[in-house]
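Written out below as structure tokens is the structure these notes cover.
Protein chains: 2
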Amino acid sequence: MKIDKSTGEILREKREEKGLLLRQVAAKLDIDTAILSKIERSERKASKEQIIKLAKILDLKEENLLIQYLSEKILYEIKDEELGSKALKVAEKKMKYIRKNKSGN
Amino acid sequence: MKIDKSTGEILREKREEKGLLLRQVAAKLDIDTAILSKIERSERKASKEQIIKLAKILDLKEENLLIQYLSEKILYEIKDEELGSKALKVAEKKMKYIRKNKSGN
DNA sequence: GATTAATTTGACTATCATTGTCAAATGAAA
DNA sequence: TTTCATTTGACAATGATAGTCAAATTAATC
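First to last, the protein sequences are chains A and B.
Per this note's numbering, numbering through the first sequence is continuous, rising by one, with the last residue being 134.
Per this note's numbering, numbering through the second sequence is continuous, rising by one, with the last residue being 134.
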């Protein structure tokens, strides 16, 4: 898992590697070119559905791309927060706790 | 840090401990009683500003309450996600990576 | 157990963020 | 210099969030 690249960078690299135009990929996603351009430059976030479609279109491993995407969403929540990394650690503990007593509450 | 309690539970416990009514605390927060009730039962999320005010009103350590609150926000993002805990781990790595090369990009 | 006070619920509204379109501007390639 | 691809920014549509209010429910008190 590349942790030094943004989702957008991954998408752009792979698209160019395959010689596809924004226009072509955007058409498959059924959105305007402008949005895909923004997604690739991290100016907008993709939706989960778009990520899944993009994995297919660009031959990227869906699971990896989703993890990448989710981790970015998480970081977005705490990006301006002093206490961000402490919160992350607590979130992990809570996660484990919830898993252990998996009753959904 | 209590990882087994929701923010709402913490708030309710402390409020009752102090013998305060929803009405009284809500007034200080300048919101309707109904919302505070919902916050305490985790039916709505508080805002960061409300959390800070609540820490003051209820004599809770602001930092702890904020960490608690942020971690809940993080978990909310991935609550229905299969890949949630993997995403969390990647988020932590990214976080460290960003910190190491702190240039803000 | 009737009355009163506190909390909860749900319908509704206002506000704000997100997701998109479109057209014009910019950049790159031919 | 013309053409095609990408970027930018203004705008509109949509959806999520945060709130009010009044009625319903629950808890406490007389």
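We put the CB at the ideal spot given by N, CA and C, even for glycine.
Handout entry: When B/Lys122, B/Gln97, B/Arg44 are compared against B/Lys34, the one with the closest alpha-carbon
Key = B/Gln97
Handout entry: Between the CA atoms of B/Glu106 and A/Leu87 - distance to the nearest angstrom
Key = Taking the Cα positions, A/Leu87 is about 26 Å away from B/Glu106.
Problem - Neighbourhood of B/Asn130 by C-beta distance below 7 Å, restricted to the same chain and skipping five residues each side - result: none
Exercise for the section: Verify whether the separation of the beta carbon atoms of B/Leu49 and B/Glu69 is less than 8 Å. Expected result: no
Practice task
Express the C-alpha separation of A/Leu104 and B/Ser120 in angstroms, rounding to a whole number.
Solution key: Note on residue identity: the sequence assigns Ala, not Ser, to residue 120 of chain B. Those two C-alpha atoms are separated by around 6 Å.
Practice task
Taking 8 Å as the cut-off, decide whether the C-beta atoms of B/Leu65 and B/Ile80 are in contact.
Solution key: Their beta carbons are not under 8 Å apart, which means B/Leu65 does not touch B/Ile80 by this criterion.
Problem - Test item: CB-CB of A/Ala116 and B/Leu89 under 8 Å - result: no
Problem - Pair within 8 Å by beta-carbon distance, A/Leu112 and B/Glu111 - result: No, these two residues do not count as a Cβ contact at 8 Å.
Handout entry: Residues near A/Arg73 by beta carbon distance below 8 Å, same chain, minus five either side
Key = Ile64, Lys67
Handout entry: Distance between A/Gln53 and A/Gly133 (C-alpha atoms, nearest Å)
Key = Note that A/Gly133 has pLDDT 45, beneath the 50 cutoff, so the model's placement of it is unreliable and no number is given.
Practice task
Determine, using beta carbons only, whether A/Ser114 comes closer than 8 Å to chain B.
Solution key: yes
Exercise for the section: Would you identify the three-state DSSP class for B/Ile60, choosing helix, strand or coil? Expected result: coil
Handout entry: Reduced DSSP secondary structure (H/G/I, E/B, other) of B/Lys122
Key = helix
Exercise for the section: Within the segment 62-103 of chain B, note down every full alpha helix (DSSP H) run reaching 4 residues or more, in order along the chain. Expected result: 62-69, 77-87
Practice task
Quick one: which residues of the segment 72-83 of chain B get their C-beta closer than 8 Å to a C-beta of chain A? List them in chain order.
Solution key: none
Problem - B/Lys85 versus A/Glu45: straight-line alpha-carbon distance, rounded - result: 53 Å
Handout entry: Opening and closing residue of the alpha helix (DSSP H) in which A/Ile39 lies
Key = 36-46
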